[in-house]
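Visitor: Read left to right, the sequence shown gives residues 389 to 698 (this note's numbering).
Positions of the beta carbon are idealized from the N, C-alpha and C atoms, including for glycine.
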Amino acid sequence: MKVTIVGAGNVGATVANVLAHKDIVEDIVLLDLIGDLARGKALDSWQQAPIEYFSSRLMGTDDYADTADSDIVVITAGIPRKPGMSRDDLISTNAKIVSSVTQSILQHSEDPIIIIVSNPLDVMTYAAHLTSGRDRKKVFGMAGILDTARFRAFLATEIGVSPKDIQALLMGGHGDTMVPLPRYTTVAGIPVTDFIEHSRLDEIVQRTKKGGGELVGLMGTSAWYAPGAAAAQMVEAIVKNENRIFPCCVKLEGEYNLNDVYLGVPVTLNKKGIGKIIEVNLNEEEKNMLNTSSNHVKAVMDTFDSMGIS
């Protein structure tokens with residue numbers, strides 16, 4: 389089993405490192421235009437192997453030929469939004485990067501599963517899917533796995549329990565219009581509302597929506613530990629053929645009465661990529677929130693379409 393991570397920045401390097409520690413694949417390739425950066429980070433991680441007892445081989449490169457016959461590709465490449473840069477500027481720049489990366493990967497690997505982590509996540513998944521021309525269940529984005537992890541972490545702190553015992557579900561776009569579903573949130577099977585008042589729960593929901601921004605405010609840059617671990621968890625579910633249920637960004641074709649939009653919804657992940665898309669029962673308020681999120685993502689997709697990149 390061979391996994392390629394494109395982009396050796398903080399997120400990409402974390403994906404590679406966390407995945408190596410799981411010791412579930414033979415080869416991990418870390419690719420970046422700055423070849424020495426990729427080679428250095430891969431070498432540093434490989435030198436952990438005797439200490440942490442893993443056998444997954446890591447290599448860094450700037451040559452797509454080294455990614456040949458990859459089974460799974462994780463794309464983290466792109467730039468963060470900079471001061472003075474508009475949303476459209478960010479979309480244009482990163483969409484060109486993601487589209488180019490997707491084309492280059494497919495020149496060397498016939499049938500890889502492609503996971504998108506680059507931002508803006510939903511439209512980057514759209515760009516990669518369009519460029520690849522492949523089945524929607526083979527090209528999808530990380531989306532709600534990270535958002536759900538943040539929600540669970542905040543709840544664990546608030547309630548004073550292990551995050552292992554908290555299960556939660558978030559849907560919709562990756563960002564301010566995400567749709568947290570407290571009705572589907574439990575602590576060891578007990579409704580979360582038995583532990584926390586609605587007003588405080590609403591505050592935690594709002595903090596989750598702004599989770600990425602909170603970290604940028606603290607560090608001056610985007611997060612990488614949790615996003616990297618989230619992407620590695622997706623890879624693990626695929627490699628192990630686990631059929632684990634995660635919220636992932638995928639093109640909807642009638643599910644939730646939505647079409648031609650890329651949103652985070654619960655899916656099963658297995659060796660084929662997305663096994664099935666799960667439709668949970670939503671009440672009217674939740675449906676309205678999901679529709680609002682869908683409209684927001686479609687507006688960003690329209691912006692991408694107007695650029696004529698694909």
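Counting only runs that start and end within the segment 404-431, where is the beta strand (DSSP E) found for 3 or more residues in a row?
Guide: Counting only runs of 3 or more, we get 415-419.
Visitor: Cβ of Phe692 within 8 angstroms of Cβ of Ala576?
Guide: The residue labelled residue 692 in the question sits at position 304 within the sequence shown. The residue labelled residue 576 in the question sits at position 188 within the sequence shown. Cβ atoms of Phe692 and Ala576: not closer than 8 angstroms.
Visitor: Name the DSSP bridge partner or partners of Thr656?
Guide: Here residue 656 is taken as the residue at index 268 of the sequence shown, counted from 1. Answer is Ile633, bridged to Thr656.
Visitor: Is it buried or exposed, Ile422, if we count other Cβ atoms within 10 angstroms and call 16 or more buried?
Guide: In the sequence shown, counting from the first residue as 1, residue 422 sits at position 34. So Ile422 ends up on the exposed side.
Visitor: Please return the same chain residues whose Cβ sits closer than 6 angstroms to the Cβ of Met447, not counting the five positions on each side in sequence.
Guide: Residue 447 sits at position 59 when you count from the first residue of the sequence shown. For Met447, where only same-chain residues beyond five positions count, the Cβ hits under 6 angstroms are Val417 and Ala430.
Visitor: Apart from the five residues on each side of it in sequence, which residues of its chain come closer than 7 angstroms, Cβ to Cβ, to Glu442?
Guide: To locate residue 442, count along the sequence shown from 1; it is residue 54. It should be pointed out that residue 442 corresponds to Phe in this sequence rather than to Glu. Same-chain partners within the cutoff: Ala408, His409 and Asp411.
Visitor: Using the three-state DSSP reduction, which class does Asp648 fall into: helix, strand or coil?
Guide: In the sequence shown, the residue the question calls residue 648 occupies position 260. Strand, per DSSP.
Visitor: Enumerate in chain order the residues of its own chain whose CB-to-CB distance from Val685 is below 7 angstroms, with the five nearest sequence positions on each side excluded.
Guide: Sequence index remark: in the sequence shown, residue 685 carries index 297 (1-based). Counting only Cβ-Cβ distances below 7 angstroms, and skipping sequence neighbours, we find Asp510, Gly561, Val649, Tyr650 and Leu651.
Visitor: Which same chain residues, not among the five before or five after Lys484, have their C-beta less than 8 angstroms away from its C-beta?
Guide: Counting from one through the sequence shown, the residue named residue 484 turns up at place 96. Within the same chain, Lys484 has close Cβ partners Ile697.
Visitor: For the alpha helix (DSSP H) containing Val688, list its first residue and its last residue.
Guide: Within the sequence shown, the letter at position 300 stands for residue 688. Its alpha helix (DSSP H) spans residues Glu672 to Met695.
Visitor: In whole angstroms, what is the alpha-carbon distance linking Asp464 and Gly529?
Guide: The sequence position of residue 464 within the sequence shown is 76, counting from 1. The sequence position of residue 529 within the sequence shown is 141, counting from 1. Checking the displayed sequence, the identity of residue 464 turns out to be Thr instead of Asp. Approximately 10 angstroms between the Cα atoms of the pair.
Visitor: How is Val567 classed by DSSP in three states: helix, strand or coil?
Guide: For this step, residue 567 is matched to residue 179 along the sequence shown. If DSSP states are grouped into helix, strand and coil, Val567 belongs with the strands.
Visitor: For His586, count neighbouring Cβ atoms within 10 angstroms of its own Cβ and tell me buried if that reaches 16, exposed if not.
Guide: Counted from its first residue, the sequence shown places residue 586 at position 198. Result: exposed.
Visitor: Quick one: any contact between the segment 542-558 and the segment 674-685, if contact means 3 or more CB pairs under 8 angstroms?
Guide: Segments in contact, no.
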